[in-house]
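Reading through the structure tokens given below for one structure.
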Amino acid sequence: MSDAYPEPHRFPGHMRAADSDRAIVTDLLSAAYAEGRLSRDEHDARLAQAMEAKTFDDLRGLTADLIPGSNPGRAVGAFSSAGAPTVDRSGDTNEAETTFAIFGGMERAGSWRARRNISNVTLFGGSSFDFRDATYASDVTTLNVFCAFGGVEVIVPEGVNVRNETVAIFGGTDVKNINPAPGAPTIVLKGFVMFGGIDAKGKQRRR
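Listed below in structure tokens is the structure:
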């Protein structure tokens, strides 16, 4: 398909949907969640339905209240100006990358692939995730953290959005200097912080 999104009237509803059609809808749902147009529960429920969809009729209802039928709108991930974050969905998987910093440290920096889901355990140590030169596997990257008696640093480039959904006890999550741009990736911080902290900040990309 040459269009960013299929217009509903173009395809008979009984026609079977392909993996590429389902991927278009899941990308749109992820973008809507990143922009706050869907709640987390709504996003998760619609995503599950999209993955099970068999026909175009199954897919249409999932996005009917997100985009006009006659105007598909911009392509998800269209934020592609020079120096902008790169989203490459090829080989995307829901399998999480799991990282640990226990009585020590871990770092992700430079050129690396940020999976859709990343889990981190930081205990009496420090972790650093520098997303400035990363390639994103999805429009929404979820970083699920368990941090106790330690610290987690998250660095994002200009344009990337950060949403904080963590729970903190005798600790906290600080998000600052974030300047999100329409269509750019979103990083969602989740998890639990106790006697520690998460510091998320925006910085310019390294030259």
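For the sequence shown, our numbering begins at 837 and goes up steadily by one. Each residue gets a CB set at the ideal place from its N, CA and C atoms; glycine is no exception. Computed from a predicted structure; not experimentally measured.
query: For a test of the three-state rule: what should DSSP assign to glycine 987, helix, strand or coil?; result: strand
query: Measure how close the beta-carbons of arginine 944 and alanine 973 come, nearest whole angstrom, since I'm counting them as under 8 Å.; result: Not really, about 13 Å apart at Cβ, beyond 8 Å.
query: Cα separation between serine 917 and glycine 1019?; result: Summary for serine 917: the model assigns pLDDT 46, below 50, so the residue's position carries little reliability; its value from the coordinates is reported in the next sentence. Rounded to whole angstroms, serine 917 to glycine 1019 spans 11 Å at the Cα level.
query: Among Ser856, Arg999, Phe960, whose alpha-carbon lies nearest the alpha-carbon of glycine 941?; result: Phe960
query: Going by Cα to Cα distance, which pick from Ser955, Leu895, Leu1025 is closest to asparagine 997?; result: Leu1025
query: I'd like to know whether the C-beta atoms of phenylalanine 936 and phenylalanine 985 end up nearer to each other than 8 Å.; result: no
query: Report yes if the CB atom of alanine 884 is closer than 8 Å to the CB atom of aspartate 975, and no otherwise.; result: no
query: Look at the alpha carbon of isoleucine 1014 and the alpha carbon of histidine 850, and state the distance between them as a whole number of angstroms.; result: 44 Å
query: Does DSSP put isoleucine 860 in a helix, in a strand, or in coil?; result: helix
query: Please state the DSSP three-state secondary structure of arginine 882.; result: helix
query: Whole angstroms are fine: how far does the CA of alanine 950 sit from the CA of alanine 970?; result: 6 Å
query: Return yes when the Cβ of proline 993 is within less than 8 Å of the Cβ of proline 921, no when it is not.; result: yes
query: Indicate the three-state DSSP secondary structure (helix, strand or coil) for arginine 780 in the structure shown.; result: The requested residue 780 does not occur in the structure, where the chain is confined to residues 837 to 1043.
query: Would you identify the three-state DSSP class for glycine 909, choosing helix, strand or coil?; result: Interpretation of glycine 909 is limited by its pLDDT of 38, a score under 50 that renders its predicted location unreliable; no figure is taken from the coordinates.
query: Return yes when the Cβ of valine 861 is within less than 8 Å of the Cβ of alanine 886, no when it is not.; result: yes
query: Inspect the beta-carbon positions of phenylalanine 1028 and valine 1003 and report whether they are closer than 8 Å.; result: yes
query: Taking 6 Å as the limit between beta carbons, can you name the residues of its chain near aspartate 1010, skipping five residues before and five after?; result: Asp1035
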